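Residue numbers (the UniProt record's numbering): 1 to 112.
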Amino acid sequence: MAASWRVLRWLGRVWRNWRQRHRHPISLAMHAVGIPMTLVAIPFLCVGWWWTAAGLFFGGYALQFFGHAIEGNDPGELVLVKRALGLPYRAVAPEPAHANDASHSQQNFSRP
Numbered sequence: 001m002a003a004s005w006r007v008l009r010w011l012g013r014v015w016r017n018w019r020q021r022h023r024h025p026i027s028l029a030m031h032a033v034g035i036p037m038t039l040v041a042i043p044f045l046c047v048g049w050w051w052t053a054a055g056l057f058f059g060g061y062a063l064q065f066f067g068h069a070i071e072g073n074d075p076g077e078l079v080l081v082k083r084a085l086g087l088p089y090r091a092v093a094p095e096p097a098h099a100n101d102a103s104h105s106q107q108n109f110s111r112p
């Protein structure tokens, strides 16, 4: 029983980390399409549909990479490679300047 709680806590940390790196709605949408595409490629690969599998896999990864470009951070795989090579990387994009500014969200658009 204790092992299952550890797994749940670990999954919670993984999910929070993933959500921190994927905050932009367009990036989330691209990942929502791209991740399943890469996974669906596996059965196509197993039945010998190489071109379909390759298209799904690379297309899914391309969507995710474009999502990270919109987000302003490096994809996780690229972070691992850059870290291993000692190169600079951006794991988490900075929040927009107005994200924590309460006055920005309460603009008054009425005419004087």
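Heads up, the beta-carbon is just placed ideally off N, CA and C, and yes, glycines get one too.
All values reported here derive from a predicted model rather than from experimental measurement.
Runs of alpha helix (DSSP H) lying entirely within the segment 48 to 107, each at least 4 residues, in chain order: You should have 50 to 71, 76 to 85, 102 to 105.
Other residues of its chain near L28: CB distance less than 8 Å, five sequence neighbours each side excluded: Locating residue 28 in the sequence shown gives position 28, where the first residue counts as 1. For L28, where only same-chain residues beyond five positions count, the Cβ hits under 8 Å are H22, G67.
Nearest-angstrom Cα separation, counted from C46 out to V40: Translated into the one-based positions of the sequence shown, residue 40 becomes position 40. Translated into the one-based positions of the sequence shown, residue 46 becomes position 46. V40 and C46 have their alpha carbons spaced roughly 11 Å apart.
Exposure label - L56; buried when at least 16 CB within 10 Å: Start at 1 with the first residue of the sequence shown, and residue 56 comes out as number 56. With a 10 Å radius around the Cβ and a threshold of 16 neighbouring Cβ atoms, L56 comes out buried.
At least three beta-carbon pairs within less than 8 Å, the segment 75 to 90 to the segment 47 to 54: By the criterion of at least three beta-carbon pairs nearer than 8 Å, the segment 75 to 90 is not in contact with the segment 47 to 54.
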